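Here is the structure we will look at.
Numbering (this note's numbering), first residue to last: 10 to 1101.
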């Protein structure tokens, strides 16, 4: 057809196909992209949905900031052993940190040594705070930052205060009230019992006149403790009373003290005032010089104050604080500490009587058993021998042996018993002064003609007795530890009165007999020279048929007399072969009377050769410097042995005291084992060397519990079996003194374990406490290290090194507060937990300690109540019931958990070595934010679980019994608290919950459904609970006292062996108690609709 263009069909077809291909390809790409977009969206939605349920951990991160290697560990350890359950602490050098790294932390606490860097870090720290960080400044930093940063119009010196300081406590923002309350209670408790004279030279540091800062504590118009909001963060400036650096407060028992705070002034003042107490030189610990010491009260207060700062940060950041409670399932622990040591208490079964008495009050004792039982306040005349481990020219003596206990040397044995004579007529504690000349005065003479010297001893009761020498009998000394390589001394027969030829018993007129032996008349027979209480010196000459009646000796033609009581010693002082007489007097003088040839009963006028510096001088004569002349070794009321070297005229030359290898109870080498020492020299173990026999007055007269001759073996075994039958762990009551050497301590602890093994007492992994409270003074951790090496891992009864007073008195300020802690020492092979007993209960208004127990309860502090129960049954039981009922009232009012001390220690260990993990899901966080944007006040739910991976095996099942206290901050102050935990209670605004091995929910706001209905309030041991409708099965997992308290509006029925149920209608509570082995009880809710 004309005019129509030609069509290339092939070309047209190809074109259309390509176009369609491109078009189809575009559609495919769009579809692919759509599919990818849909997949991505789905993935994002899935991820978002999944993240909705992902948990975010809530914790507080605190940096302990240092400046180089110079650091003080006391504050850092406060945070490492914090009770804040979700606090994470790191220690880093500020010099290596950037501002960005610093921002990772919620709070920074500066080590005091950072102050030495001046203001080097001030700009970085100001920036940190301005951007939202929290900074704690101890008082030393008051001048290192600009006043406006501190919220101060000016920074001023705080003037010194005398007497009792008067503090003011302005109303504080609720998140700060914890710190304010700790300080307030501390000041009230502390200054009720003392004033600033207890800390002379104390530096109050610097305070501020506030501009923007909020004051927590002020004094005399100066703010001492302040919190300033700076930018988006806060800076806390503390005073110097808390945290306190006047004393040692670190858990290493060495750190925390700043000499600039004033302790050297206290030290100088106290030591200048110390004067020796006559009659107590070697046993009165109060005479020891004051050295820096660990102060339990300030250590506990420092830790609680720092804990409350961390709690403030948590409340500010998270809206709440979460703390561990030192006890089971969120309730504080309560226990007894009973040192069992008195012989008469074992004899009378007082331990068993005490335990049975406590069962009436649903309580249980905790016994530590001493290795050497003794009689309180008892002093008795005794004889010891110090075996010469040197030479005659240079005698050497071991001093204390493992079985010396309060004495030294080896006790002489007679008829299977240690030689003992008259008892001191008054009750005197170990450190009390002795002022009467009770002592055993020894002499030796062959009275039987068998060639062996028999023992003659004069006593304060005026009697003179003889002990026949039985020769070497090593078995007689089997219960004593002789010096290494030494042969046993001779043993002796039972005492017999020494009789005159007439048959009458030989006594000293006026009492206080002493005796010396020599041949006065040269007839080859022993004669006796007798000292009397009135100062006269008599002679009883030996004859064929015995001793003649005593006659008075003369001096210068007159009766020989000194100030009584007199103690004689015979020897040829001038070398002329005629016996001379040295006589010690009650006034401390030693007088020498020269013998007159041919006149056995007459002596020349006396010449004073020594004033020994203490009363009741008792001389012996021996060449002490190998010059061929007899010298003087004199005993005295103090118990040491003082040497005076002979001179040709005038007083003899003082040459110090005889020393032993060991260190005595006041830290020197003087050989001393009691009071009123009377020395005598003789080779008693036949090794060719003079041994030193000492008559003395000895404390306690201890008896080893594993000695076959222990006097009350049957009663002791009954006590041990009772503890086993009643599932109570006996543990060692260790005796050392302040200067016992490391080697001696190891030996004593090994002997304690041997005694336990001998008596069938399980050792296991015990705790301990100290007999006489003492630990080593020169090395603060030495005693604990040796105990720890022997398997012991807690010690709740000791007097820290150099501390001036014993624990638990309640009237001295060193122990009115206490908080357990883990000793910081990397050389220990296992944990070592330390604690101190609670103050003794005093109810009289002047010395009342009730306020201290109010504080313990307010801060959930555990109560470990020490009491000696010996000598109370049957007449003094009301004294015991006073504190038994008081503690029962505390348990009832505050829901403490009563348990044994080992159980208490396990609960502490689990708490200190665990943490809590607190989480919320991101979805819940987002949902809460949306509700807040909508103007609503939503509930907040936390998930709390215990992290116990680091809990040592020593804690046993107690790692399953952890509990916490939740306290709302200002953000949730008006919100009710609830939990789905099986074990919980509420007190005021606080919620206490036992978490155990699972996870518990805690809600601020509308109550959780599972929080309604019956629940357990407290359980004093690990339990396993199975809830099934109206039936609960409870496994009681620790033996002994087992107690559960629950609340139920419905009646309950309890099935179990030996169960006692007490119902309190006023609070709808049921207390279930039993004593026994691990067991199971079944609780049935019997009312309609009672399902929990």
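For every residue, glycine included, the Cβ atom is placed at its ideal position computed from N, Cα and C. Being a predicted model, the structure only gives us computed values, none of them experimental.
Per DSSP, the unbroken alpha helix (DSSP H) holding residue 792 starts and ends at 791–798.
Taking C-beta separations shorter than 6 Å and ignoring five residues to either side along the sequence, the partners of residue 379 in its chain run 350, 742, 780, following chain order.
Inside the segment 205–229, DSSP marks whole beta strand (DSSP E) runs of 3 or more residues at positions 215–219, 223–228, from first to last along the chain. DSSP, reduced to helix, strand and coil, places residue 885 outside both helices and strands of the structure shown, so it counts as coil. Relative to residue 970, the option among 1045, 999, 930, 939 whose CA is nearest is 1045.
DSSP places residue 355 inside the alpha helix (DSSP H), whose first and last residues are 352–356. In the three-state reduction of the DSSP assignment, residue 432 falls in the strand class.
1056 is the residue among 1056, 374, 990, 339 whose C-alpha sits nearest the C-alpha of residue 1075.
Taking the Cβ atoms as the reference, residue 995 lies roughly 16 Å from residue 1004, outside the contact range of under 8 Å.
Residue range 722–734 is occupied by the alpha helix (DSSP H) that includes residue 726. Given a length threshold of 3 residues, each whole run of the beta strand (DSSP E) inside the segment 463–538 is given here in chain order: 463–467, 473–481, 499–506, 523–527. Burial is judged here by how many other beta carbons sit within 10 angstroms of a residue's own beta carbon; residue 135 has at least 16 and is buried.
Listed as beta-bridge partners of residue 598 by DSSP are 620.
Judged by DSSP in its simplified three-state form, residue 1054 adopts strand. Counting along the chain, the unbroken alpha helix (DSSP H) around residue 133 starts and ends at 131–139.
In the structure shown, the three-state DSSP call for residue 373 is coil. Your pair residue 475 and residue 518 does not check out as a contact, with CB atoms roughly 19 Å apart and the cut at 8 Å.
A Cβ-Cβ distance of about 17 Å is found for the pair residue 1018 and residue 1059, leaving them out of contact under the 8 Å criterion.
In the same chain as residue 263, and ignoring 5 residues on each side of it, the C-beta atoms closer than 7 Å to its own belong to 257, 789, in chain order.
For residue 864, the enclosing alpha helix (DSSP H) stretches over residues 859–867. In the DSSP assignment, residue 99 falls outside any alpha helix (DSSP H) and within the unbroken beta strand (DSSP E) covering 96–102. Closest in alpha carbon position to residue 1006, among 1054, 502, 954, is 954. Beyond the five residues adjoining it in sequence on each side, residue 909 comes within less than 7 Å, by CB distance, of 344, 373, 375, 737, 738, 1049 in the same chain, given in chain order.
The three-state secondary structure of residue 780, taken from DSSP, is strand. For residue 413, DSSP assigns no beta-bridge partner whatsoever. Boundaries for residue 1073: no alpha helix (DSSP H) harbours it, while the beta strand (DSSP E) harbouring it runs 1069–1073, taken from the DSSP string. Counted as a single uninterrupted DSSP element, the stretch harbouring residue 232 is not any alpha helix (DSSP H) but the beta strand (DSSP E) occupying residues 231–239. At a Cβ-Cβ threshold of 8 Å, residue 499 and residue 478 count as neighbours.
When DSSP reads this structure, residue 654 sits in a beta bridge with 662. At the C-beta level, residue 1067 and residue 1084 come within 8 Å of one another. Taking every protein chain shown into account, the CB of residue 67 has 16 or more other CB atoms within 10 angstroms, so this residue is buried.
For residue 875, same chain residues with a beta-carbon under 8 Å away, outside a window of 5 residues either side, are 345, 346, 347, 348, 806, 816, 817, 846, 847, 849 in chain order. As computed with DSSP, residue 245 is found in a beta bridge with 145, 236. The shortest CA-to-CA distance from residue 230 to any of 522, 271, 178, 252 is the one to 178.
Around the beta carbon of residue 582, 16 or more other beta carbons lie within 10 angstroms, which makes this residue buried. Looking at the DSSP output, residue 975 shares a beta bridge with 331, 1000.
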